Each structure stands twice: as C-alpha cells, then as structure tokens.
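Protein chains in written order, with this note's numbering: chain A, 193 to 730; chain B, 193 to 730. For glycine and all other residues, C-beta sits at the position ideal for the given N, C-alpha and C. Just so you know, these numbers come straight off a predicted model, no measurement behind them. Working notes, beginning with the structure itself.
Written out as structure tokens, the structure is:
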C-alpha cells in the first residue's frame, strides 16, 4: 500500500512540475495551425421544400403532433402571401444551413417593408407547442424562431442565422402589399461528403432504416467540427467526438475532420494541460472554461487510438501523445491506497440520470488506462507508461474487491445507491468484469425493476458496446432494433439527443423543444452495423 | 373658345403620337447611367450613446413622454446585462445607420445564444406606447423593433436593418450567461457632407435653433438619394426632392445628388413619358408604378430650373428638358374651353387634409407653366413653348373669373367646399393673384375660423413662400418661429413629417408612431433663412 502512496505522490509531483512549466506552451500555436489547416470547406446543397403541410393533433403521433401534406407548393410562388397569412413547409429531411427566399411582387410595387416570422423546427411537436412564457432551463434563444424585416422585394434574402430543421412555418407579421414567397430554399451545409460504405443487399429493412438515419445524423453534425447537434449545442464535445469518429470510420471517412478536432482540443488545453469538455470555433477557437469533465478527458486517448488504427497516421499520434497521456496521468492521484479510484468532486458524465457515479468511474479509469497503454505501445511509447499495465491490474482488483457483489452478480455502490446499468457497462468496458461476469451483470441489471437505466442514446451506445464485448450478440441487435428502431418508427429523420420510449416529452431541460433532435451521440448504430455485419446486417 | 378646343385636340394628338413612340426610349439607359455615376459614397461616422435614460410620463412633454438621463453609461460595458434585463440609450441626436455592438463575456464562456430585442425610435412617445395590437394604417414593419439571436460573443455584430433613431431600448429575451453590452455604436451615414454656409453671428437663438434642426433633417435624409424620411418611407419623391434641393442650395450644396435624382426620375418615366411620384433604388432603381401624382410631376421642371440656376449646368438642363417639358405638356389637355383646368380623377397632393383640390390645382398648373417657360427661355428652348406664356395668361384669367371672389378676397370653390389656405397659397404661387390680392387672401383665410388650414410642414413651406411673394415678411418670420420653432420647443432634433401644434398625437396613418420624425419636406427653414437673411437672420 505504501508503494502506491509513493507512486501517487510521485505522479502528483510530476503533475505539479508539469503545471508549473505548462509543457504544452510551445506546441499550442503549432497545434492550432494544424487544426486550422484541416478545417474543411463546407459542401453546400440547395434543398427546396417538398410539401406544404398542415399540423394535426394526434395522440398516436410522436409528441402528439404530425404534419400531413396539403396542396399548395406547386403555386406557392404565385399566391398572395398577404391572403395566406401563414404557411408551413416540409423540406422532406433534416437540414442544416441558411434559408434563402425572395418576396416576389405580384403587380404591386413593394411600398413598405414586410415583417415575417420564421419558425424552424426539427419535430412537429416542437413546432406546435407554445414557447412563451418560457419554461426551459436553457436559453430561450436556442429556439429557432426569427423575426425578420425585409425592405426589398425581388431580391434574395438570406437569413443570417444558421438553422437546423425539417419544418418551417412562415407567418406574416406586417406588410400591406401583394407578394408571393419565391425561390424558397435552404443552403444546406455539411462537411461529410459521400458515404464510402454500403450495406449488404439482403440487410433487413429496419437495419437499413436505422443505418440511413444514423448516417443522416452524423452528416448533419459534421460541419467545420463534429458538432454535438446542429440545433443545440452546435459545438464540439469530447464525448460526442469519440462516438462520431467511431461512426465516421465506417461511413464518411473524413479523417481530416477527426484530426482537426483532436488538434483543437490539444491546442486549447489549459495552462495545467487539462482539456475542457467542449470547445467553440468562434470568434476564435476557445474552450468552454470551467467544463473540465473527467470522464470526457479520459476518452481523448481513445479518440486518438481509433484515429491511429483507422489511418495509420503515426506522426499525428506521436505529436498528440503527450496531451493524451497527460489526461490520464493527471487523474492517477485519484487511485487510493486500496486501488479504488476517487472521483472526488470532479464532474463525471455517463448519462442524463441521477445515479451513483463512483462505481462506473472505476471502469472509466480502467478503460482509459488500458486504451492509453495500447496507444503507447502502438507508437513505441510503452516505456513512458510501463507502470500502467501493472497499476491497471491492481485497480481492477481493487474495484472488484470493493464494488463487485458476487452474489448479486452486480457492481454495486457500498453506500447503498440503487444499482445502475452504467456501473455494469463500464465494468465491462474497463475489463473489471470478464465476458461471462459482464453478461450476467448486464442481464441481471436489465431485468431488475428498480435499477437506474440508460436514459440517453449516449449511454445506450456503451450498453451495446458492452453487450458485444460480452458476446451478447442477440441482445445487442435486439436493443438496437428496439431503441434506435423505436425512434425510426416514431418518424425520426435523425436520431435524438434524448429518447425515452415511455415518454415522448422527456427532457433534461424541463421543456422538450429544447432537446436536440439531431444529435451526434446517437449516430453510432452505423458503427455497429458495419463493424459487426454478421450480427447486424443479417 | 373653338381655338382652345383645336389647340387641346392638337396637344392630345401630339401626346398620343408621343405615347405611341415612347420618345424617351433611346435616352433612358443613358440617363440611368448618368444617375448611377452621380451616386454618392456615403460618409460614415461612428456615433456612440451619450447617456442611459429613463422614461418618464409627463403630460407637459411632447406626446406625453420624456427621457431623463440616469447614471450607467460609464460602466455599461462592465455590468452584467442579464442582471439589467433592459436599458435605454440616448444617442444625443437623430442618426441613420446600422447598429454595431459586441456581447462581452464577463468571466463565463458564452454557452448558449442570446436573444435581444432592439427598439429604435425617433421620439420618446413612439418608444413608450404599446405597438401591438397594431392600429396603424401602414405596415407594422415600419416600426423599428428588431429581435436578434446572437451566437458569438466578443465579436462585433452589425444589425442588418438600417434604422433612423435617437433612442434605443435593448431588452434581453433569452440568454443564460453573464455578458455586458460593449462597443455599442451606430455607423451613421449621410451623403450631405459639410454645411457650406453660416449664419450671421447676431442671428437670434430661435433662428439658429431652427436652422440647426433644418440642417440635421436634411442631412439625415441625404443618403444615396434625397429620401423623404430615413425611417419612413426611405425613398425619393418628387415633392420632397424639390424642397430638399431648395434647402440644399443654401447648405450642403451637393449638386451631384440633385443631378442624380433628376436623372433617376427621367430614366424611370413610363412608356408614356410620365413620371411616377416616387421611386426606389433597390434591388434595381424602379418607380412606384401607379403613383402618378399630377401636382408632383408638375414640379419636376421647377427642380430642374432651380438646379440650373444654382449650378449653371446647361448641359443637364438641355438633356432633361424634353422630359421636364413633357410633364407639363401632358397636362395641357386639362385646360377647358373657359381656361380653367380640369384635374379630373388625377391624384393631386397639396397636404394631408380633406379639402377641395380643384382651386389650388389652378395655381399649380400656372406655376408649372410659368416655371417651365422660364426654364425654356434660360436654355434657348423658348420657341418650343412659345404658346405657353399666352396660354398661361388665359388660364390666369379663367381661374380668376371662376374662382376668385372679389368680395371675400378669397379663391373659392364654386361647389361650396370650405375655403382653404392651399387655394390661396397656390393662387399666389401661380400668379393668379397679385401680391396685394394674395396678401389679402392669405390674411383673410388665416383669420377665418372654418377654413381648411395647412396641416403639414409641406403645406407650411408653400405658405411661407406665398407670404414672401406677397411681401408679408413679418408674418413669414412669425409663422416660421411659431411653427418650426414650436417643434424645436417641443424637443425636435429633426423636423417632423406631421406637426399639429394642437395635437401631438396627430397622424395621417391612424397611429402616431408611424409618423416620420425626420422628414425632408420640413427642412426648408434653412432655405428661407439663407435666401432672405434680412428677414430671418435679424
């Protein structure tokens, strides 16, 4: 036990010296330059509406609303919008970009400005619930309703705000002259490019559908970084990056975008070398200071490892190795004398759920240790982490000793918190449990009534991954078809940030229109479908 | 009498041939090219607010509201706007341009968009009356309230909409992070340049004030054309152009802008050669079809004559002579057998007032005939209108015979409509009454309880002009000090489109916030003050 303390003290000293020196100081500028060199040109496609639609309240529809097509698109550019007053358009698919339109004069000269309200939405439900008074716990400004004054007819007007939507309602708020809405289109953007992979012809329809929606989700999130969601939060998070990069490997293969994101996080580490959980590109690339999320930082080496495995780009892996290693190194002081890990007051994210975090954290630490060792060995840096394999074995032992209940077959918190699926998932991810134990733990927890369940596609991804690691092929496939297939059956064009099969209006933000309905972290079915074709494509 | 009919028929034939041929067809493109060559570069000045202000309801204030300065400007860029929620700023003077500001992060990173409502206004009253439900008879979109979603902090945001205002209220509609309003300024534009004239040092303060406000009004309306008002209608009207050009001759002397406007109207005549009353520059210069206003078209030769007198630019006068002549020629068929003029169903504008139009129209026709003859003689084109002097004398006789009541001393409508000041004004302008008769008519009508009075600065300009033509120097001066001085005393920074000393809320559009509070047609005091310094500057 004493040796552990000494090791921990040594790491702490090491870290202190690192802090004092800001070891990445000399690299940040170069890293940022590389990130900027990798910035993709966005591909623009003009997308036009496919139908005028009418909202219909329907208890059977997702969130209680659906749109049904009605005539009107064919002569929209001829009909006096002053008479119409309002119109709702369906663009046929989820798109991200800028709306362009023209007020076409119908006989009259435009002699006064026109005020239009544009309301863009991802789902029919979001479009039809009153927004005000505002009930959400995040900014009202996330809602995509924009009021615009237009002074000039017969000229394209391009809305400044980038929006993510499938549906658009336009309302006339002011204007006395006769005009029609003309040339209405969205300049939709993505950096995804063509999908480089194809399914087997005899792949079942539901898998084809899930794959299509996965690809659409990923493509929409691929802009000048991997965004988490093009409606909200429109930014790069480590946790989303990892899943997007996984899905991207089997679809768009935009390695340069992954490289850009890896370099952005490296360039934007703080003076201590730590990575914040998310970052912004504008006005200058900058992290969201204060969002150090330990479980996200610990994923960075995994992103780099996957990138290396996919591209063989050892130069990048070597260049970013110190920053990847540091994210784990910086957490090693958390290993207690009994080789359990102390999350302390760090922010840990596994899911949108109220749950014990300590037990899954053990798995997350081990996963990071193992992945970082693998990365090190792949690039000849094994000697830099030569103690880590040994340490990992001890942490595994420590975790099993403290949290694994052989009787119940579950990883459990000693403080009596309800057992969670997350604890079992991460025990498998980190190798605390072997395949047989993991299988038992997962089957037990999924059958357990009062367990904390996976509450987001993010957590569901790791559940699938854990099932696969335990050889639970059938269950993994059934889970995908049930969960992601459930969204498809409810009409998803893109997969959602939040999906609770029992509650369409569920939201972590008090108000479901704030949910992102095109969210990167739910795009991974395509990864599983291509990586394990024998399981998912049959 | 028969000869008149023959002349009229000849003119009609002539006009018909003209119509059929579209005589200006070959010139329009060249005229437009000249207009575009004369398009001024706008001069930009950055104007910053001078104070934070608080609205105070005050029955003694114009429209019942005033703003009083309060502390807060000095640290506006340091104070959390989320705490403030709202702020009203006074920019110290009327400005026209684009607002620029920056959301400055205060510690936090901006992690969600911010929604701000900007409400720009010309008067405190306009800023403090509820706008919705909308009561105005013109487009709601004229009101300068804009809601803007901002995604990026620490970068200048420039509002797309050009606004005309002195006061700005900003309200937070959504946004959860701490920020301050920073770098707030207006990129104010004008093409006026420096004022080239100065008042006598001993000029009375009220005249100095009136002159200052006149100059500000004109300067604000001078953009890439002489606009009528930078808030509303933001366009070029013949009636405003005439008055702006008159005022401009004695102040900014931007002859090129006048030349541009003259050419724009010429280039945009219809296939019949007629000029519409107003025109727009965007997306391509085009007239407001359907707004043929006879009394405005008849003013075009006067604009050209004044321009020529000011600049000596005979080439331009000769080039535009056919189009100027045509505007009058085209109306000659209206001369009846008894030499009175028949306005028929043509749109005539003298004022925002319900009134008889026939009597003032006699004067407007004569004024146009006389001015056009003067113009022709100045450029050696007298032979083209050699019958017109003779015709004018007969029209004068005809008008006097039918409308002049020697007993009352007034020009009166035979149909018993209430007598108007406008009928007397235009009788003087057209020379129907001589100075002595005119003086009596004006004095009588101004003293008459039930007379139709001048109801706008536009009509008041012609009242002053008529007074001066009748030698009513004292009354002209008193009228200016009373009427325009009244606006100054009520706090005008720029002169208003509508001013009824008895009713601050008077509006021709059912709702006073629609009124333009910086309106070209009220800028002419500066013209009188400089043209007649012995009267107005003493």
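Assign residue 267 (chain A) to buried or exposed, taking buried as 16 or more other Cβ atoms, counted over all protein chains shown, within 10 Å of its Cβ.
exposed
Determine, for residue 304 (chain A), whether the minimum Cβ-Cβ distance to residues of chain B falls below 8 angstroms.
yes
Residues bridged to residue 379 (chain B) (per DSSP)
B:238 and B:290
Does any C-beta atom of chain A lie closer than 8 angstroms to the C-beta of residue 689 (chain B)?
no
Classify residue 363 (chain B) as helix, strand or coil using the three-state DSSP reduction.
strand
Counting only Cβ pairs nearer than 8 angstroms, list the residues of chain A close to residue 474 (chain B).
343, 344 and 347
Closer than 8 angstroms, CB to CB, is residue 252 (chain A) near chain B or not?
no
Buried or exposed: residue 546 (chain B), going by 16 or more other Cβ atoms within 10 Å of its Cβ?
exposed
Within 8 angstroms of any Cβ in chain B, is that where the Cβ of residue 526 (chain A) sits?
no
Measure the CB-CB distance between residue 179 (chain B) and residue 305 (chain B) and report whether it falls below 8 angstroms.
Residue 179 (chain B) lies beyond the range of chain B shown here (193 to 730); nothing can be said about it.
Let me know if residue 523 (chain A) comes out buried or exposed under the rule of 16 or more other beta-carbons within 10 Å of its beta-carbon.
buried
Contact criterion: CB-CB distance below 8 angstroms. Does residue 352 (chain B) meet it with respect to chain A?
yes
For residue 283 (chain A) versus residue 241 (chain A), is the C-beta distance shorter than 8 angstroms?
yes
If the cut is a Cβ gap below 8 angstroms, which residues of chain B does residue 405 (chain A) touch?
Here the premise fails: no neighbours, minimum Cβ distance about 27 angstroms.
Looking at the C-beta of residue 334 (chain A), does it have a partner C-beta in chain B at a distance below 8 angstroms?
yes
Quick one: using the 10 Å Cβ neighbour count with 16 as the cut-off for buried, is residue 775 (chain B) buried or exposed?
The question about residue 775 (chain B) has no answer here: the residues shown for chain B are numbered 193 through 730.
Can you tell me where the alpha helix (DSSP H) with residue 430 (chain A) in it begins and where it stops?
430-441
Whole-angstrom distance between residue 317 (chain B) and residue 590 (chain B), CA atom to CA atom
48 angstroms
With H, G and I counted as helix, E and B as strand and the rest as coil, what does DSSP make of residue 273 (chain A)?
helix
Could you tell me how far apart the beta carbons of residue 265 (chain B) and residue 244 (chain B) are, in whole angstroms, since I believe they sit closer than 8 angstroms?
5 angstroms
What residue range does the alpha helix (DSSP H) around residue 226 (chain B) cover?
217-229
Could you pull out every unbroken alpha helix (DSSP H) segment of at least 4 residues lying fully inside the region 602-640 of chain A, listed in chain order?
613-621 and 627-639
Identify every residue that forms a DSSP beta bridge with residue 297 (chain B).
B:371
Are the C-beta of residue 290 (chain B) and some C-beta of chain A separated by less than 8 angstroms?
no
6 angstroms Cβ shell around residue 596 (chain B) - same chain, five flanking residues per side excluded:
603
Integer-rounded CB distance, given that residue 494 (chain B) should sit under 8 angstroms from residue 446 (chain B):
About 18 angstroms; that fails the 8 angstroms criterion.
Inspect the beta-carbon positions of residue 398 (chain B) and residue 727 (chain B) and report whether they are closer than 8 angstroms.
no
Counting only the same chain and skipping the five closest in sequence on each side, list residues whose C-beta sits under 6 angstroms from that of residue 246 (chain B).
260 and 262
Partner residues on chain B for residue 368 (chain A), Cβ-Cβ distance less than 8 angstroms:
330 and 331
Residues near residue 453 (chain A) by beta carbon distance below 7 angstroms, same chain, minus five either side:
417, 418, 428 and 433
Whose C-alpha, out of B:572, B:689, B:528 and B:584, is nearest the C-alpha of residue 431 (chain B)?
B:689
Per DSSP, cross-strand counterpart(s) of residue 313 (chain A):
A:359
In chain order, what residues of the same chain have a beta carbon less than 6 angstroms from the beta carbon of residue 224 (chain A), not counting five sequence neighbours either side?
459
Taking residue 298 (chain B) as the query, report the chain A residues whose CB atoms sit under 9 angstroms from its CB, ordered along the chain.
Here the premise fails: no neighbours, minimum Cβ distance about 13 angstroms.
Between residue 307 (chain B) and the rest of its own chain, which residues show a CB-CB distance below 6 angstroms, the 5 nearest in sequence each way excluded?
341, 365 and 366
Given that residue 481 (chain B) touches chain A, what residues does it touch there, using C-beta distances under 7 angstroms?
301
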